[in-house]
Amino acid sequence: MGKLKERIDIKNLQSLMIFGEYSRLHLNESVGFELGELGKLEVLGGELKISGLENVRTSQEAEEAKLMEKRNLVKLGLVWNRNQESTGDDVLFLEKAGDDILDSLKPHSNIRRLCIVNHGGSVGPSWLCSNIIYMRNLETLHLESVSWANLPPIGQMYHLRKLKLKNILGISQIGPDFFGGTTEKSFTHLMEVQFYDMPDLVEWVGGANCHLFSRLEKISCTDCPMLTTLLISGWPISSTEGNTKWFPSLRDLHILRCPKLCLPPMPHTLMVSRIYTDCLFYYRTKLDIRNPSELVFHNLGDVERLTIQDASCFSFMDLQKLHSLGHIEVSRCEETFLRGLDDGVVLHQVQSLKLEHFSLTRKSLSNLFECFPALSSLDVRALSDEDHEEVVLQFPPSSSLRNVRFVGCKNLILPVDEEEGVGFCGISSLESVAIINCNKLFSRWPMGGGGGAQTQSIIYPLPPSLKELSCGLRLVNCMDITVDGFVSLIAINLERLTVHNWRDGEAEPYSVAGDLLAAVASTKTLPAGSFQLVSLYVDSISAVLVAPICSRLSATLQRLYFDCDWWTEKFTEEQDEALRLLTSLQGLWFNNCRALQSLPQGLHRLPSLQELSIGGTQKIRSVPKEGLPDSLRLLYIENCSPEIYEECQKLRGTRPDIHTFAFIRDAES
1 MGKLKERIDI KNLQSLMIFG EYSRLHLNES VGFELGELGK LEVLGGELKI
51 SGLENVRTSQ EAEEAKLMEK RNLVKLGLVW NRNQESTGDD VLFLEKAGDD
101 ILDSLKPHSN IRRLCIVNHG GSVGPSWLCS NIIYMRNLET LHLESVSWAN
151 LPPIGQMYHL RKLKLKNILG ISQIGPDFFG GTTEKSFTHL MEVQFYDMPD
201 LVEWVGGANC HLFSRLEKIS CTDCPMLTTL LISGWPISST EGNTKWFPSL
251 RDLHILRCPK LCLPPMPHTL MVSRIYTDCL FYYRTKLDIR NPSELVFHNL
301 GDVERLTIQD ASCFSFMDLQ KLHSLGHIEV SRCEETFLRG LDDGVVLHQV
351 QSLKLEHFSL TRKSLSNLFE CFPALSSLDV RALSDEDHEE VVLQFPPSSS
401 LRNVRFVGCK NLILPVDEEE GVGFCGISSL ESVAIINCNK LFSRWPMGGG
451 GGAQTQSIIY PLPPSLKELS CGLRLVNCMD ITVDGFVSLI AINLERLTVH
501 NWRDGEAEPY SVAGDLLAAV ASTKTLPAGS FQLVSLYVDS ISAVLVAPIC
551 SRLSATLQRL YFDCDWWTEK FTEEQDEALR LLTSLQGLWF NNCRALQSLP
601 QGLHRLPSLQ ELSIGGTQKI RSVPKEGLPD SLRLLYIENC SPEIYEECQK
651 LRGTRPDIHT FAFIRDAES
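Taken in order, the sequence shown gives residues 1 to 669; the numbers are from full-length UniProt numbering.
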């Protein structure tokens with residue numbers, strides 16, 4: 001019934017006048033007042049909701065409410081609460097009493113919005129359901145959980161704008177008879193229809209004047225398990241009478257859990273801006289296809305983002321009609337999508353492509369770049385195994401890719417010489433690379449830090465032009481990675497670097513970060529101040545906290561993450577001194593460092609540190625003896641030892657300038 005400012009109990013009935021437009025009256029059997037008290041409020045207007053009507057026993061009491069005299073009421077809600085169990089003669093008595101009471105709650109004909117909920121009678125009120133139309137000004141009608149033998153002549157309510165029917169048993173067909181007959185004036189103002197929880201409803205059929213739903217903008221059908229027809233079977237785009245379109249003003253279609261309803265190709269007009277069904281979701285610039293659905297693609301020209309979980313309902317030729325399409329996500333429909341790639345269709349407008357559960361092959365990779373020549377972002381999450389055919393990563397010379405992400409492409413290999421291709425090195429626009437669980441990607445690269453004899457045919461894994469750009473490199477679970485070509489990239493180009501292995505089971509001594517950073521630390525030819533790293537995410541404390549690395553990161557590094565270092569137990573004096581060199585460090589994170597027993601003792605000497613986070617590191621018992629830096633403003637502790645948790649609680653008193661968040665799990669968890 002809308003947003004109500006106040007709920008008024010009958011014992012405070014006189015105060016209803018104060019609240020004017022928004023009034024709620026709840027009848028409480030124990031209070032002792034009669035509904036007739038409402039009749040004293042002559043100037044009551046706006047909106048009124050009366051609940052607890054099961055406590056009214058006589059039609060005389062209902063008549064004394066004098067609702068018909070309240071000409072300023074615009075919206076009326078009449079609600080029975082079904083919380084009483086009755087049997088036998090009591091049921092018949094209550095039904096008859098309920099019919100009489102509702103008949104006696106006749107409102108003024110000025111009412112525009114009416115809601116009746118849980119009326120237990122068998123007959124609708126004469127002032128609403130009679131063929132002699134009394135509620136001529138009614139604009140909204142909401143009937144819920146009623147079982148009337150007679151229903152309102154909706155077709156004769158010419159001003160009706162919104163109709164909502166919920167949980168009404170026994171109605172199998174909504175049509176001319178249900179509407180009480182239709183004329184040329186019927187439904188000329190109807191804009192919204194809602195059917196909810198209608199277990200027996202089979203069809204909504206039209207009559208001679210059914211084409212007059214010309215202003216209907218929204219249709220909602222939810223939990224109607226038997227529904228097969230909306231208006232007419234198949235719902236054609238145009239009627240047989242001339243070229244009149246059904247529902248020409250429809251903007252919003254909401255169909256959920258109506259398994260027998262077969263919808264026509266949608267959207268049937270350009271007016272439709274929202275469709276929500278079990279199969280698809282469409283809202284202006286976004287289209288999400290979950291199951292096969294017939295679509296009218298030439299009416300979807302504004303779609304910019306397309307998500308597909310079942311591609312069997314269209315072809316790539318259809319996608320060419322989506323002139324604004326810039327982003328595509330495809331999941332679990334690999335076979336159909338691969339067939340589409342074979343069609344030779346070119347989608348010049350698509351700039352972003354994400355593929356999940358996709359088997360990467362030489363042919364599919366080649367077709368991919370031919371079909372989507374303008375890609376700036378490519379995200380492939382594959383199902384390929386190492387024993388699948390090896391796929392050498394080759395990009396077209398004209399590629400404009402800026403962001404690339406490969407996950408689980410275990411058969412993907414970077415070329416080593418120009419005869420096989422140039423790999424990433426041929427993409428001058430590249431800004432960000434993420435490589436996760438692609439164990440063989442760098443397997444052909446020579447070991448070492450870039451030294452040794454090289455021929456002109458040798459290429460580097462990433463383009464040298466990256467030094468002029470903001471870029472990030474993410475290497476996760478790439479066990480066979482080697483280091484040739486990475487030293488200069490890490491030292492000169494990158495602002496963000498993530499390189500680590502996921503741990504599953506026992507700790508492994510091998511660290512990708514250790515290999516890469518050791519090569520950087522041993523390089524003597526790098527110019528001072530060459531590093532650009534702002535964020536570093538690694539799985540090895542010892543790989544970072546060495547003087548050659550920290551001295552070069554001193555001026556730029558702001559965020560340092562140690563994740564899943566399972567072997568470092570304590571910080572050596574050399575590591576403490578190296579950490580002290582990171583004078584620009586603002587955030588330091590230790591996560592799941594299982595063996596770590598203490599924090600760096602020189603932590604207090606980091607002049608710029610503002611945030612410290614420790615998670616899943618239960619052997620640390622305390623903060624350093626020398627305390628925390630004066631600059632620290634945020635301390636976050638989760639799933640650590642009870643001892644450090646208690647210290648954090650004390651810090652709230654001694655260091656109120658630090659925002660402390662400490663979470664400890666129960667022992668059982």
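Virtual Cβ for every residue (Gly too), placed ideally from N, Cα, C.
As the structure is a computational prediction, the values presented were derived from the model and not from experiment.
When the Cα atoms are used, what is the spatial distance from residue i to residue j?
i	j	result
G448	I427	Confidence at G448 is low in this model, with a pLDDT of 47, below 50, so its placement is unreliable and no value can be given for it.
G39	P152	27 Å
T229	Q320	32 Å
F661	T336	49 Å
F179	L138	15 Å
R559	C550	13 Å
E61	I50	14 Å
N367	P373	10 Å
Q649	K570	24 Å
I174	P396	60 Å
R339	L295	19 Å
L582	E329	41 Å
Q14	F281	Because Q14 sits at a pLDDT of 40, beneath the cut-off of 50, its placement in the model cannot be relied upon, and the following sentence gives the value as read from the coordinates. For Q14 and F281, the distance between alpha carbons rounds to 49 Å.
V79	C129	18 Å
I133	E42	25 Å
P259	C593	51 Å
Q394	E370	12 Å
residue 730	L48	This structure does not reach residue 730, given that the chain is present from 1 up to 669, and the question cannot be answered.
V346	E217	36 Å
V205	L169	18 Å
I116	G77	6 Å
Looking at residue j and residue i, is the spacing between their C-beta atoms short of 7 Å?
i	j	result
I219	V193	yes
residue 670	L612	Nothing in the structure corresponds to residue 670, since the chain is present only between 1 and 669.
K363	D379	no
D302	S324	yes
S429	N403	no
L44	K70	yes
T183	P176	no
N591	D565	no
H604	E574	no
F195	C221	yes
R381	V407	yes
D288	R257	no
V391	L441	no
L227	L250	no
I275	L253	yes
H189	H142	no
Mind checking which residues open and close the alpha helix (DSSP H) that includes residue i?
i	result
C550	547 to 553
C648	642 to 654
V117	Element bounds for V117: not the alpha helix (DSSP H) but the beta strand (DSSP E), 113 to 117.
R362	362 to 371
V346	No alpha helix (DSSP H) contains V346, which DSSP labels as neither H nor E.
V538	No alpha helix (DSSP H) contains V538, which is instead part of the beta strand (DSSP E) from 535 to 538.
C129	126 to 129
S59	59 to 63
What residues match up with residue i in a beta bridge as DSSP calls it?
i	result
S352	H327, S377
D252	K218, R274
A662	I637
T307	D288, E329
K166	E144, Y196
V407	R381, I436
I413	V392
G587	R559, E611
Q173	E203
L295	M266
F179	Beta-bridge pairing links F179 to no other residue.
Please list the terminal residues of the continuous beta strand (DSSP E) segment that includes residue i.
i	result
A434	432 to 436
S613	611 to 615
V205	203 to 205
R280	The sequence given here has Leu at residue 280, not Arg. Start and end: 280 to 283.
R496	496 to 500
Indicate, with yes or no, if the ligand NAP has a heavy atom lying under 6 Å from the CB of residue i.
i	result
Y158	Within the structure as shown, the ligand NAP is missing, as the structure has no ligands at all.
**Asked** Would you say the stretch 101 to 108 touches the stretch 140 to 160, given that touching needs at least three Cβ pairs under 8 Å?
**Response** Touching, no, given that fewer than three Cβ pairs across the two stretches are closer than 8 Å.
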